[in-house]
Every structure is written in structure tokens, then in C-alpha cells.
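Our numbering puts the sequence shown at residues 44 to 133.
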Amino acid sequence: MILLTGATGSIGSRLLPRLIDDGHQVRVLVREPRKLGPHRVDVQITMGDLRELRDPYMLRQAMRGVDTVIHLAASIRDQPPHPVEELNGL
44 MILLTGATGS
54 IGSRLLPRLI
64 DDGHQVRVLV
74 REPRKLGPHR
84 VDVQITMGDL
94 RELRDPYMLR
104 QAMRGVDTVI
114 HLAASIRDQP
124 PHPVEELNGL
């Protein structure tokens, strides 16, 4: 199982269909599943926001059964109360 963060972003939205086409099982960690478009039915969805890094339950749910993480989620500016380095360095 691959966990993909940033699946609705610029790179993640291009990588996701390739992973699916290659036969990988993919779980995505997203805030808004509708942004996945037609790929919603092809992946496991974990709802969450990486800006809430203090939520251990969300991270445990996302990581359960995962053997590979592709971390593409990033922020380009600080969003209180979490500095940009906290998300980008996850």
C-alpha cells in the first residue's frame, strides 16, 4: 500500500493515475476528496489535514498497512499555528 500526500496538487494529481494504472494500491490523505475527481473510486481515502500534525489518530489511520510513503504535500507560506518547515519536513 502506498500513502500519497498532495494527491490533489500539481505533481500528485499527475502521479496518482500512473500509480493506479501500474496496479498499485493507493491511499490518499486529503482534505477534500471531491478534488480527486474520477480517481475517488480507485483509491482508499483518509480525510485529514497535515497542518494538524498534532492529531496522532489521523496519522495512524493514514499509515495503517502502508509500506511506502510519497510525501508531496507542501506549503509555500506559514499558516498559523504551524510554520512551513513543520509540514514540508514531515
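Every residue, glycine too, gets a C-beta built ideally from N, C-alpha and C.
Residue i vs residue j beta-carbon contact at 8 Å
i, j, result
"D85", "M44", "no"
"A105", "R83", "no"
"D92", "R103", "no"
Where residue i falls: helix, strand or coil (DSSP)
i, result
"R107", "coil"
"M44", "coil"
"R77", "helix"
"L59", "helix"
"A116", "coil"
"V71", "strand"
Where the alpha helix (DSSP H) containing residue i begins and where it ends
i, result
"I54", "It is not in any alpha helix (DSSP H) - I54 carries neither H nor E in the DSSP assignment."
Distance between beta carbons of residue j and residue i, contact taken as under 8 Å
i, j, result
"I113", "L47", "5 Å"
7 Å Cβ shell around residue i - same chain, five flanking residues per side excluded
i, result
"I88", "V71, V73 and P76"
Contacts around residue i, its chain only, beta-carbon distance under 6 Å, and the 5 residues preceding and following it disregarded
i, result
"G49", "G55, L115 and A116"
"H67", "I45"
The beta strand (DSSP E) enclosing residue i, as first and last residue numbers
i, result
"Q87", "Q87 to M90"
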